[in-house]
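Okay, structure first, notes after.
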């Protein structure tokens, strides 16, 4: 690709890295010095699937690409260290888009406390960003999806339904509530909350990206338990309530299945002191699957019966 | 994406991993237990840029996606450990393509001695594969691009020009020489050669992906030296010679600038015993840039003066 090296030089100029980085951009690979085991996750963002150019400024796409990955490290209770970013884009794309994207990457890296240490660039018919995040266990056990035990409580940290509500707003051609739109364009991750949950004794944890019920379903399946969600305990953001009212949909539907929340859901022993900001929303029971207020939830019926 | 979970289950069924893998696919992140520092690189392969569906079987694309990444770890003299693979593809793509791609990924992982530990899937208008490879230093210093010293010898390991010749063959609608086409579709990496070079005292090393001269230029620039290539020492594969003859181009042009070779080029102290298979092809001198047989090379003139 013409200008690749110049563009890489431009977007990595003055790049600062944390003390755990041994070798940053500019070689065949990057090198980081980690404590304990190495934790790795990758997420690919595709134009017109995960974002639209007319909705998302390049800076927001860059931030989101980092945020959704680091959120997956948080969900292991691990310390995020660094990211590598591969970006493919059309040859006729304004180079400023790439510069703004990389500025978003760098800004979110600062917010997350991680270093941008490498990447790749290619031409492509559409924009595709693939970020891989690296973290470490610092010698602690990672918190998996399989450790929930009967008697545990279920708790969440972060916004539920706000991103899904923002998507509905954008799809209808509107721009407000602004908080919902902003949350959809760049999820606001509570960095450090995964480690706080691990320190508080979380037995299982997951990044809520497919919707709360779907992701609690992964914990239930992998832990061999049933999870019951108490709808009365669920937080309903004002903006979610407004979008729900405007669209005639039940607000709890956004909260239970909005998608792309990038909140954390975890299980804790019943006597655990939950870290600040975590909210109890359910319980771990014998059995299988996820129930809502004790009743089997039939996803095919949609959310109307919650209205 | 409909069927994503079923497809992931299908392509990861019976997945075997090496003993350094603590947690493989199925959680928010994977965990590996490494020795020394963690080494990371990422490469993105885009349909119609890095491969064409009508030329490359899915299995070959999967193999290539792993190979080009692990080659970047080899170029650091490091031990490859594992890969994560993100794949985006059209909703109407035959699922068998994805299954074959993942089989290629798994086969190349076996060849490279690495474990597939995670990934992501998305829909997309075109096929995009992004692999991130993880390795470790085993407590040794990684071999960077900046360590070449005046008086060192320059050596290469692997095929030069064969992939570029294969691309020309495919572009002209032919299928032979088969060895050139096969090398373009899936580069044959000499796994373990990077570590062997490091053990033999390599002072600088690079994965030859942009063409030998271009990549030696990176070593020259980052090491603050001049590199002179001796064309009489360059290996010219029979298939490269045949393609060169058929197309009226000088064979040495393919060797010096073919691209996508994924050979290794390294510098060694003059008295080093080169590992088997490495070939001396040049010398490290005071100055800057890359020269060919002592003369400045003018890329804009093309390769005709080598004919």
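Chains as they are written, first to last, in this note's numbering: chain D, 1 to 307; chain G, 1 to 307.
A virtual CB, placed ideally from N, CA and C, is assigned to each residue, including glycine.
- Counting C-beta pairs closer than 8 Å gives three or more between the region 130 to 149 of chain D and the region 23 to 33 of chain G, which meets the contact rule.
- Residue 237 (chain D) is positioned such that its CB atom lies no closer than 8 Å to that of residue 285 (chain D).
- Taking 8 Å as the cut-off, the Cβ atoms of residue 214 (chain D) and residue 268 (chain D) do not count as close.
- G:148 is the residue among G:35, G:159, G:279 and G:148 whose C-alpha sits nearest the C-alpha of residue 218 (chain G).
- For residue 109 (chain D), the enclosing alpha helix (DSSP H) begins and ends at 95 to 112.
- Setting aside the 5 residues that flank it on each side, residue 178 (chain G) has no residue in the same chain whose C-beta is closer than 7 Å to its C-beta.
- The continuous stretches of alpha helix (DSSP H) do not include residue 289 (chain D), which lies in the beta strand (DSSP E) extending over residues 289 to 292.
- Not a single CB atom of chain G sits nearer than 8 Å to the CB of residue 16 (chain D).
- Where residue 155 (chain G) is concerned, the enclosing beta strand (DSSP E) starts and stops at 153 to 157.
- In the three-state reduction of the DSSP assignment, residue 242 (chain D) falls in the helix class, which pools H, G and I.
- For residue 34 (chain D), the three-state secondary structure derived from DSSP is coil.
- If you look at residue 166 (chain D), you'll find it in the alpha helix (DSSP H) that goes 162 to 171.
- When the beta-carbon positions are compared, residue 32 (chain G) and residue 38 (chain D) come within less than 8 Å of each other.
- Take residue 100 (chain D), set aside five residues on each side of it, and the residues of its chain with a beta-carbon closer than 8 Å to its own are 57, 58, 59 and 62, in chain order.
- The region 36 to 52 of chain D and the region 10 to 19 of chain D do not touch, with fewer than 3 CB-CB distances between them shorter than 8 Å.
- The Cβ-Cβ distance between residue 234 (chain D) and residue 167 (chain D) does not fall below 8 Å.
- Using a Cβ-Cβ cut-off of 8 Å, residue 142 (chain D) counts as an interface residue toward chain G, since at least one Cβ of chain G sits closer than that to its own.
- Interface flag for residue 70 (chain D) against chain G is unset, since no Cβ pair is found closer than 8 Å.
- Under the three-state reduction of DSSP output, residue 228 (chain D) falls in the strand class.
- Under the Cβ criterion of 8 Å, residue 76 (chain G) is counted among the residues facing chain D.
- Looking at the backbone, the Cα of residue 130 (chain G) and that of residue 232 (chain D) are separated by about 42 Å.
- Residue 144 (chain G) sits in coil when the DSSP states are folded into three classes, being neither helix nor strand.
- Neighbours of residue 43 (chain G) across chain D, judged by C-beta separation under 8 Å: 86 and 120.
- Taking CB atoms only, residue 265 (chain G) has no neighbour in chain D less than 8 Å away.
- Counting only Cβ-Cβ distances below 7 Å, residue 154 (chain D) has no contacts in chain G at all, with the closest Cβ about 16 Å away.
- Taking all protein chains in view, the Cβ of residue 80 (chain G) is crowded by 16 or more other Cβ atoms within 10 Å, so the residue is classified as buried.
- In this structure, the beta-carbon distance from residue 105 (chain D) to residue 265 (chain D) does not fall below 8 Å.
- Among the bridge pairs identified by DSSP, residue 268 (chain D) is matched with D:153.
- Residue-level contact check: residue 223 (chain G) does not touch chain D, since none of the beta carbons of chain D fall below 8 Å from its beta carbon.
- In this chain, residue 89 (chain D) is not harboured by any alpha helix (DSSP H); it is covered by the beta strand (DSSP E) spanning 79 to 89.
- Look at residue 43 (chain G) here: in three-state DSSP terms it is strand.
- Listed in chain order, the non-local C-beta contacts of residue 69 (chain G) below 8 Å within the same chain comprise 41, 42, 43, 83, 131, 132 and 133, local neighbours out to five positions each way being set aside.
- Here residue 164 (chain D) is not near residue 229 (chain D), since their CB atoms are 8 Å or more apart.
- Contact between residue 95 (chain D) and residue 7 (chain D) holds, with the beta-carbon distance rounding to 6 Å and staying under 8 Å.
- Rounded to the nearest angstrom, the gap between the Cα atoms of residue 255 (chain G) and residue 47 (chain G) is 25 Å.
- For the C-beta of residue 123 (chain G), the chain D residues within less than 8 Å are, from N- to C-terminus, 46 and 49.
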